[in-house]
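The structure appears right after this line, and notes come after that.
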Amino acid sequence: GSTSLYLYQGFWCPSEATLKAIISFQRHFQAQETDLILASSPKSGTTWLKALAFMIVNRARCALNESPLLTTSPQELVPTIEFDLYMRSQCPNLEDLPCPRILSTHIPFASLPGSIKDSKCRIVYVCRNPFDQFVSYWHFLLHLPHENVEPLSLDESFELFCKGVHAFGPFWDHVSGFWKASLERPDKVLFFKYEDMKADIIFHIKRLAEFLGLPFSEEEGKKGVIEEISRLCSFETLKDLEVNKYGKQVYGTPNSAFFRKGKVGDWANHLTPAMAECLKKLIEGKFGASGLTFEMSC
Ligand code: A3P
37 GSTSLYLYQG
47 FWCPSEATLK
57 AIISFQRHFQ
67 AQETDLILAS
77 SPKSGTTWLK
87 ALAFMIVNRA
97 RCALNESPLL
107 TTSPQELVPT
117 IEFDLYMRSQ
127 CPNLEDLPCP
137 RILSTHIPFA
147 SLPGSIKDSK
157 CRIVYVCRNP
167 FDQFVSYWHF
177 LLHLPHENVE
187 PLSLDESFEL
197 FCKGVHAFGP
207 FWDHVSGFWK
217 ASLERPDKVL
227 FFKYEDMKAD
237 IIFHIKRLAE
247 FLGLPFSEEE
257 GKKGVIEEIS
267 RLCSFETLKD
277 LEVNKYGKQV
287 YGTPNSAFFR
297 KGKVGDWANH
307 LTPAMAECLK
317 KLIEGKFGAS
327 GLTFEMSC
């Protein structure tokens, strides 16, 4: 097999088209103070975070049982800047998007445009344990259109992952960049882990709402709005919606590719104990001093 990753500013872009889009994004994007940027390494829980952020921000605009989330994919409600906005046009018109704009990106913190880093806009980052993230991404790649390129085997991909060669990676640099930013500027960058969200989603919905300056009122609490949002955004609900089952992204990826298993620990069905041991050591070495650890199973 072969791969077509492009090294740019110390991270790996998944294609030439993505690289071009990223450069336009960096050059032209103007953050607004009210923007909400959802950041992640691909396959870390972006779709879930998109759904949650959309629901929290728009909860007062319409009844939950009439939410756009029921008929529109999270990818469409919250576009990924480099793929959905700058891939088709160098200067897309982003002024008309409803305010606050909720957008997502996979670009590492260090490479974000200055206006995102320096303005008052907020960033929410979600990370996932590298074992599940790697396995999820490997499956996801099988759904992407491959123009005469054989997808890599799991073993080949794993070897590259461990060398840091991975979409928007090295993985550890990506996570560390946002982790440090969240410690230095806690009112600007909120740091989530997929596994923590799985363990207590209600707590994380409240935490996200508070960070956004949109805490739930007592009345909302009594009415069970938080529970409703958690149910609506759950893997089970979203996976079974018509739009997510049969819809497609503009660039061809079926929406269903964003909903596979939604579990913590599925890596154990794909990585051998030797592979797992190797990655565990590597990750301990990379994150040892940072205070950041990962749950590998539930
Ligand atoms: P798996 O491949 O392990 O199932 P991203 O959204 O960043 O592209 O990540 C996709 C991963 O998140 C997939 O993981 C997918 O199944 C899972 N996922 C998608 N929606 C989810 C949700 N609402 N709750 C929990 N996990 C979700």
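Counting the sequence shown from 1 gives a position; full-length UniProt numbering is that position plus 36. A virtual CB, placed ideally from N, CA and C, is assigned to each residue, including glycine. It should be emphasised that the depicted structure is a prediction, and the values quoted were computed from it without experimental measurement.
Contact test: residue i Cβ vs the ligand A3P heavy atom, cutoff 8 Å
i, result
"K229", "no"
"D168", "yes"
"K284", "no"
"P78", "yes"
"H175", "yes"
"T82", "yes"
"C163", "no"
"S270", "yes"
"T96", "The sequence as given places Ala at residue 96; Thr does not occur at that position. A96: no, Cβ never under 8 Å from the ligand A3P."
"W258", "Looking at the sequence shown, residue 258 is not Trp but Lys. It does not: the Cβ of K258 is nowhere closer than 8 Å to a heavy atom of the ligand A3P."
"A87", "yes"
"G46", "no"
"K275", "yes"
"R296", "yes"
"K299", "yes"
"S172", "yes"
"D120", "no"
"K234", "yes"
"D302", "yes"
Distance, residue j Cα to residue i Cα
i, j, result
"R267", "W84", "11 Å"
"S140", "I152", "12 Å"
"F247", "I159", "10 Å"
"G213", "V286", "30 Å"
"D302", "S125", "37 Å"
"S38", "G324", "With a pLDDT of only 48 at S38, under 50, the local geometry of the prediction cannot be trusted, and the value read off the model is given with reservation. About 32 Å."
"E320", "T54", "31 Å"
"A188", "A293", "Reading off the sequence, residue 188 comes out as Leu, not Ala. Near 18 Å, if we compare the C-alpha coordinates of A293 and L188."
"C269", "S326", "31 Å"
"V211", "E255", "37 Å"
"K317", "L148", "30 Å"
"L328", "I59", "30 Å"
"C334", "F167", "13 Å"
"L250", "V93", "7 Å"
"Y230", "I238", "13 Å"
"K56", "D232", "35 Å"
Cβ pair residue i, residue j closer than 9 Å
i, j, result
"residue 29", "E331", "Shown here, the chain extends from 37 to 334; a query on residue 29 therefore has no answer."
"S218", "Y161", "yes"
"G205", "S77", "yes"
"F90", "L105", "yes"
"E118", "F176", "no"
"L244", "L113", "no"
"D71", "C157", "yes"
"G298", "E263", "no"
"H306", "L190", "yes"
DSSP state of residue i mapped onto helix, strand, coil
i, result
"T141", "strand"
"F294", "helix"
"R158", "strand"
"K86", "helix"
"S77", "coil"
"F252", "coil"
"V93", "helix"
"A99", "coil"
"K229", "strand"
"Y42", "strand"
"L130", "coil"
"G37", "Because the pLDDT at G37 is just 40, under 50, the model does not fix this residue reliably, and the value given afterwards should be weighed accordingly. Coil at G37, not helix or strand."
Status (buried if at least 16 other CB within 10 Å, exposed otherwise) for residue i
i, result
"Y282", "exposed"
"G150", "exposed"
"Q66", "exposed"
"C135", "exposed"
"D132", "exposed"
"F47", "buried"
"L43", "exposed"
"N280", "buried"
"E110", "For the sequence presented, residue 110 should be read as Pro rather than Glu. P110 comes out buried."
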